[in-house]
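The next block holds one structure in the form of structure tokens; read it before the comments.
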Amino acid sequence: MFDKMKNFQIKEWILSLILLLMVTDVTILLNIPYLREIMVFICFTFVPGILIIHILKLNSLKFLKKIVLTVGLSVCFLIFMGLALNSLYPVIATPLSFWPIFITVNLTLMIFAIIAHHRNKNEFILSDFLNLKTNESEGSKLNSMLLLPFLFPVMAVIGTYFMNVTQNNIILMLMLFLIPAYVVAMVFLKDRTTSATYPVALSMIGLSLLLMHGLTSFHVMGRDVQFEFHFFNLALNNAYWNSIGDILQFNAYNSCLSVTILPVIFKVLSNMNSEYIFKIYYALIGTILPLILYIIFRKYFSRQNSFFAALIFIFQPYFIYFLGIARQEIALMFFLLALLVFYDDSMTKNIKKLLFVIFMISVVVSHYATAYVTFLVVIPILLFPFLKSVVKDRKHIKFTNFDVLAVILIFMAIWYVFVAGSQYTAASDTLNAASIGAGGVDVTSQKDIKVLAVFGMGLTSIPNAISVIVNDLIIFIMGLGFLSIIWNYKSCKNRIKSSYIMGMIMSPLVLTLPLILPNLSIIYDIQRLFLQLVVFLGPLFLIGMGFITRKLKIQNLKPVIILVLIISLFSCSTYLTYHFSGISYSPYYEYNGSLRDEHFIYDQELSSAAWIQNNSIQNSSVLSDSIEFSRLLLANNNFSTINANRSNSNYFVYLGFANVNEGIMYPKAEFPENIEKFPNLFINKSRVYDNGGSRVLYGPVTIS
Numbered sequence: 165m166f167d168k169m170k171n172f173q174i175k176e177w178i179l180s181l182i183l184l185l186m187v188t189d190v191t192i193l194l195n196i197p198y199l200r201e202i203m204v205f206i207c208f209t210f211v212p213g214i215l216i217i218h219i220l221k222l223n224s225l226k227f228l229k230k231i232v233l234t235v236g237l238s239v240c241f242l243i244f245m246g247l248a249l250n251s252l253y254p255v256i257a258t259p260l261s262f263w264p265i266f267i268t269v270n271l272t273l274m275i276f277a278i279i280a281h282h283r284n285k286n287e288f289i290l291s292d293f294l295n296l297k298t299n300e301s302e303g304s305k306l307n308s309m310l311l312l313p314f315l316f317p318v319m320a321v322i323g324t325y326f327m328n329v330t331q332n333n334i335i336l337m338l339m340l341f342l343i344p345a346y347v348v349a350m351v352f353l354k355d356r357t358t359s360a361t362y363p364v365a366l367s368m369i370g371l372s373l374l375l376m377h378g379l380t381s382f383h384v385m386g387r388d389v390q391f392e393f394h395f396f397n398l399a400l401n402n403a404y405w406n407s408i409g410d411i412l413q414f415n416a417y418n419s420c421l422s423v424t425i426l427p428v429i430f431k432v433l434s435n436m437n438s439e440y441i442f443k444i445y446y447a448l449i450g451t452i453l454p455l456i457l458y459i460i461f462r463k464y465f466s467r468q469n470s471f472f473a474a475l476i477f478i479f480q481p482y483f484i485y486f487l488g489i490a491r492q493e494i495a496l497m498f499f500l501l502a503l504l505v506f507y508d509d510s511m512t513k514n515i516k517k518l519l520f521v522i523f524m525i526s527v528v529v530s531h532y533a534t535a536y537v538t539f540l541v542v543i544p545i546l547l548f549p550f551l552k553s554v555v556k557d558r559k560h561i562k563f564t565n566f567d568v569l570a571v572i573l574i575f576m577a578i579w580y581v582f583v584a585g586s587q588y589t590a591a592s593d594t595l596n597a598a599s600i601g602a603g604g605v606d607v608t609s610q611k612d613i614k615v616l617a618v619f620g621m622g623l624t625s626i627p628n629a630i631s632v633i634v635n636d637l638i639i640f641i642m643g644l645g646f647l648s649i650i651w652n653y654k655s656c657k658n659r660i661k662s663s664y665i666m667g668m669i670m671s672p673l674v675l676t677l678p679l680i681l682p683n684l685s686i687i688y689d690i691q692r693l694f695l696q697l698v699v700f701l702g703p704l705f706l707i708g709m710g711f712i713t714r715k716l717k718i719q720n721l722k723p724v725i726i727l728v729l730i731i732s733l734f735s736c737s738t739y740l741t742y743h744f745s746g747i748s749y750s751p752y753y754e755y756n757g758s759l760r761d762e763h764f765i766y767d768q769e770l771s772s773a774a775w776i777q778n779n780s781i782q783n784s785s786v787l788s789d790s791i792e793f794s795r796l797l798l799a800n801n802n803f804s805t806i807n808a809n810r811s812n813s814n815y816f817v818y819l820g821f822a823n824v825n826e827g828i829m830y831p832k833a834e835f836p837e838n839i840e841k842f843p844n845l846f847i848n849k850s851r852v853y854d855n856g857g858s859r860v861l862y863g864p865v866t867i868s
């Protein structure tokens, strides 16, 4: 049957895609449990992108590149289809409800199918499109290395379930030992490892770490994601996305279509539990990010080195934490896809420009901060041909990329001024904060502790010190790579595109901004900035390591040294260094870890938060410590922290699991204090609700 499918012409192939769409529609309309959720994800994260690739006649692209472009274009299609539907309000009172979305997505895909058939009717064979040809020499290589990483996501699912229900961490710990062991095996069995193993390993390792975070707790995990989930629910309940949210200071979140319109479409079509849209769908989408990096790196480096550079991305704390910052995950996917297209040599010039503009615009509507960093890096790259011509040949100045830049800047102006004004405000606040930090004002108390830690200051434990040493070593090696690129520019540009070298030069400069302007790190964590720039910093690491091993004449030890650093990075990012130091810290496999107190949400906590919502008294607010906001926000409560200055009046005092059962409060996240230090929370209070895992008090509060 598969041999017959390989010979499909465009007609049979398009009919197969339409059949998949129809089967998905049946599962939706009949609401078939599990099958509906699975089919919706498969259909709507692949079919739109496949059809767009056919329309653009990109059938000859390599298979892996097709996969990542397919997912990226499909997600882009869903976002802008939803935005177009939403713009029909109030002609359609509920544009993001089931029938408008269902009818629109089906009609649009049918139109795409007709156009795709018309443009490819004389030159399409499925086997050529799939492009799965393998080298005969790989037939004798180890298939076990290709299959083994599929075990990791399974272990993540089972392990988090056991940890959630029984506090048994054996499976998770085994997974965290097997992943580095597998990476070591891949290095030493390089000659017996197939070329397909590298991308498969990257995607499965990435998925397992994303699921480890996402499936910890039966509720959404993280800080930012609580606000993302709140604004998603706002759009879902209204069946309409209003660019003006309901929490003024967090309205910039509401303007991110990646966490409002996109999950609403997934929810409406799949009917999956809303929290698991963020936990599972976003985890699956996130697996393509390391693949995009691998493709970009592979253009200039060997398979093994590209694998190493992509692992630096996967083993970053904020990659593991991606499902807690979902808007950045989607925006970063579009950013990487834009660069993938920009540096591609197999597409025509006009197609490259079109896709680049689409993905850059998608970054803008997905996450404001990622967009700002994107343009800091990308604008010099786009202007590079112009600047080069000005310096070298003033008579023939090139205005290459000016059309692309103009379209993107015009869209940004329209978006930020007329649609997402709150994001423009966020940008202004960022610039104001940065200018204060640069003006000589003492901002030491405001500096992100991670910025101080880069210099070895503010360290609180041995694991913390180990993490700083490992990360600083990697950054130091990247710095050597940066200097090597500058010093050997003429020879480097023969192997690497000049525009890519420009990105490698710009990225370290952008990374230093939080060190020069410390207030920036309050708004955009330096580790999140590092994660976005790995697309250029990863190659600098490889070049820097090559420089060191050549100078020391130990080139044969280069893979081993890289392995040691990467596995050390993995141990730090997964908090294994804390675990083996006897410090309970991890939210994933430590029952009493301090991060688990904040991120793990118990059902009892939500029950008491819902009780407050259902029994609220006019003009009464809710007081809690700094980590309980997630529980209260899930129940749609207004809240204040115990640090806020309050006059004598009646408040609900919300106590979560850590407050009630561990006797600790978090006036600041990650800094627990004995609950007895806050007597004013309990004086003259009545206990109005108690379910054993959470408690609600009511009465006057004076906090000074």
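In our numbering, the protein residues as written are 165 to 868. The C-beta atom is built at its ideal place from N, Cα and C for all residues, glycine as well.
| Item | Value |
| --- | --- |
| Inter-residue spacing [alpha-carbon to alpha-carbon] between K552 and I572 | 22 Å |
| Same chain only: Cβ atoms within 8 Å of L249, ignoring 5 sequence neighbours per side | I256, P259, L260, P264, I265 and T268 |
| Cβ-Cβ distance between P317 and L228 below 8 Å | no |
| Cβ neighbours of I216 in the same chain (closer than 6 Å, five flanking residues each side left out) | L237 |
| Residue from S737, T234, S510 and A416 with nearest C-alpha to L225 | S510 |
| Proximity below 8 Å, CB of A280 to CB of I231 | no |
| Alpha carbon of H282 to alpha carbon of N295, nearest angstrom | 22 Å |
| Stretch-stretch touch, CB-based, cutoff 8 Å, three pairs: the region 727-740 with the region 472-483 | yes |
| Collapsed DSSP secondary structure at M511 in the structure displayed | coil |
| Which residues DSSP lists as bridging F835, in chain order | K832 |
| Exposed unless 16 or more other CB atoms sit within 10 angstroms - verdict on Q390 | buried |
| Nearest residue (CA-CA) to I452, options R491, L366, L194 and I214 | L366 |
| Neighbourhood of I726 by C-beta distance below 7 Å, restricted to the same chain and skipping five residues each side | F472 and M709 |
| First through last residue of the beta strand (DSSP E) which encompasses L787 | S785 to S788 |
| Alpha-carbon spacing of L759 relative to P751, whole angstroms | 5 Å |
| Contact between the region 528-545 and the region 646-661 (3+ Cβ pairs under 8 Å) | no |
| Helix, strand or coil at I851 [DSSP, three-state] | Here residue 851 is Arg; the residue named in the question, Ile, does not match the sequence. DSSP places R851 in strand when its eight states are reduced to three. |
| Per DSSP, cross-strand counterpart(s) of P254 | Looking at the DSSP assignment, P254 forms no beta bridge with any residue, so it has no partner. |
| Cβ separation of L379 and K443, assumed to be a contact under 8 Å, to the nearest whole Å | 6 Å |
| Segment contact flag, the region 392-399 with the region 434-448, C-beta cutoff 8 Å, min 3 pairs | yes |
| Buried versus exposed call for P254 [16 or more other C-beta atoms within 10 Å across all chains shown] | exposed |
| G857 in three-state terms, based on DSSP | coil |
| Proximity to S858 [Cα-Cα], best of A833, N844, R462 and I828 | I828 |
| V817 (DSSP reduced to helix, strand or coil) | strand |
| Contained alpha helix (DSSP H) runs [length at least 4] in the region 710-755, N- to C-terminal order | 722-737 and 740-744 |
| Ranges of the alpha helix (DSSP H) found wholly within the region 338-377, counting only runs of at least 4 | none |
| Sub-8 Å separation of R692 and Q468 beta-carbons | no |
| Where the alpha helix (DSSP H) containing F548 begins and where it ends | Y532 to K556 |
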